[in-house]
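Quick notes on the structure that follows.
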Amino acid sequence: MTIDPGQLSPATRLVGLGRPPRRPGASVNPALELTSTYVAGGDVVYARTGNPTWSAFEEVLGSLEGGQALAFASGMAAVSASMSLVPHGSIVVAPIHSYNGTGSLLDEAAEQGRFEVRRVDVCATDEILAAMRGAHLVWLESPTNPMLEVADLPTLLAAARDAGAISVVDNTFATPLLQQPIAMGADVVVHSATKFIAGHSDVLLGVAVTGRADLHGHLLRHRILHGAIPGPFETWLALRGIRTLQVRLDRSCAGAAELASRLADHPAVSRVRYPGFGGIVSIEVTGGPAHATRVEESVQVWLPATSLGGVESLIERRRRIPTEPTTVPQELLRLSVGMEDVNDLWRDLDAALRS
Ligand SMILES: *Cc1c(COP(=O)(O)O)cnc(C)c1O
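Throughout, my numbering is defined as the position within the sequence shown, counted from one, plus 166.
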């Protein structure tokens, strides 16, 4: 594009960025570049250091989040790379409820004596501010998975900066269309691009974005030396997926809002967790964990599966996963609202809840 992409709305940048230069006869899509090495003398010498398909995807994500993006092999590869930004012996503030892989990685780091981890309730702003004293890394996720708690990101990110800590926000649930943490003061944003960004449950991919050149350099070096690189085809699929993020997210959010309001009056539902935005709703059922499992097994339109953010609606009793924190209720079902007709989703869920 010759016009400044910064003047265009995110929906337009999603579609227009990451394309080859506009020339008569040129392809409109970037090539899927399958090579392990390059002829000597150019900018890229070996494909663990760079690949043009990654660059195209990174151009889109970087523009949306307001920094420089790096694609990783999975969300966890981006999470792990971001945790390597602080040295051995660091104090880390992290949520009690977060993606369970993130929680497990921090537990492991604490057990090995690599980090001192201070777990906090993301809603308890004062408690978090107190925990930040002496901290080197502040890890935040908002809304949290699967409790859908919302953190006061502007306050917490400003405080992290004042405390001299590096801040990282896992923005997987909100996507850059609903929340841009770097503009609120975050140093790094991570995503499981496996979810809404790629959007079709057919690829694992991660991204880390930062506005700081020093952190970008560290993350890039980590990606190269730890080999946390994505496959070009996976990256190409995620780029294809992100083109439709705005329309998919709009539909997912509209469906989630509608279902959250209908579920609030459902006799078999004791609690609806819905932050007021986004495509995920968690519910607690009155009949306990056995009933929650029955709901998972009875649905016909919803798919009982882990993960979220795809075109198909997914339902999961999260405590099925052994590493899920015990503060997550046993009878909690996480719903990821996909692209199906909302009335079909409602009828299917309603019938399963009454089973
Ligand atoms: C799925 C997820 C991850 C991990 O991403 P993978 O792509 O599965 O490695 C990290 N954070 C959140 C919030 C997630 O939902």
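Just so it is clear, CB atoms sit at the ideal spot from N, CA and C, and this is done for glycine as well.
Rounded distance between the beta-carbons of residue j and residue i, thought under 8 Å
i	j	result
ALA331	VAL375	Between VAL375 and ALA331 the Cβ distance is about 18 Å, and since that is not below 8 Å, they are no contact.
LEU230	PRO342	4 Å
ILE395	ARG214	6 Å
HIS302	VAL252	4 Å
LEU306	SER333	7 Å
LEU323	ALA290	16 Å between Cβ atoms; not a contact.
MET350	LEU385	That belief does not hold up - the Cβ atoms of MET350 and LEU385 are roughly 20 Å apart, past 8 Å.
ILE348	GLY377	5 Å
THR537	GLY182	Because residue 537 is not part of the residues shown, which for the chain are 167 to 521, the question remains open.
SER193	PRO186	6 Å
TYR440	ALA458	With a Cβ gap of about 17 Å, TYR440 and ALA458 do not count as contacting.
Residue i and residue j closer than 8 Å at C-beta
i	j	result
ARG285	ALA260	yes
VAL373	ALA237	yes
LEU519	VAL435	yes
LEU180	GLN412	yes
LEU227	ALA239	no
HIS263	MET313	yes
GLY442	VAL503	no
SER358	THR338	yes
SER521	ARG484	no
LEU498	SER448	yes
THR203	PRO398	no
ALA471	GLU482	yes
GLU424	VAL467	no
PRO196	GLY208	no
ALA404	VAL356	no
VAL283	ALA275	yes
GLY444	LEU344	yes
VAL508	GLY365	no
GLN496	PRO455	yes
SER250	VAL354	no
THR492	ASN266	no
LEU515	VAL465	yes
ILE363	GLY300	no
LEU371	ILE446	no
LEU429	SER479	no
Coarse secondary structure for residue i, derived from DSSP in three states
i	result
ILE348	helix
ASP318	coil
SER473	coil
GLU282	strand
ILE294	helix
ARG188	coil
TRP512	helix
ILE446	strand
LEU429	helix
ILE481	strand
LEU499	strand
LEU415	helix
SER175	coil
GLU424	helix
VAL438	strand
TRP305	strand
VAL522	The chain is shown only over 167 to 521; residue 522 falls outside these bounds and no answer can be derived.
VAL181	helix
Test: residue i CB closer than 8 Å to a CB of chain D
i	result
MET313	Among the chains in the structure shown there is no chain D, since it carries only a single protein chain.
**Prompt:** Could you give the uninterrupted runs of the beta strand (DSSP E) lying entirely in the stretch 200-260, keeping only those of 3 residues or more?
**Reply:** 234-238
**Request:** Counting only runs of 4+ residues fully inside the stretch 323-391, write out the alpha helix (DSSP H) ranges in chain order.
**Result:** 341-344
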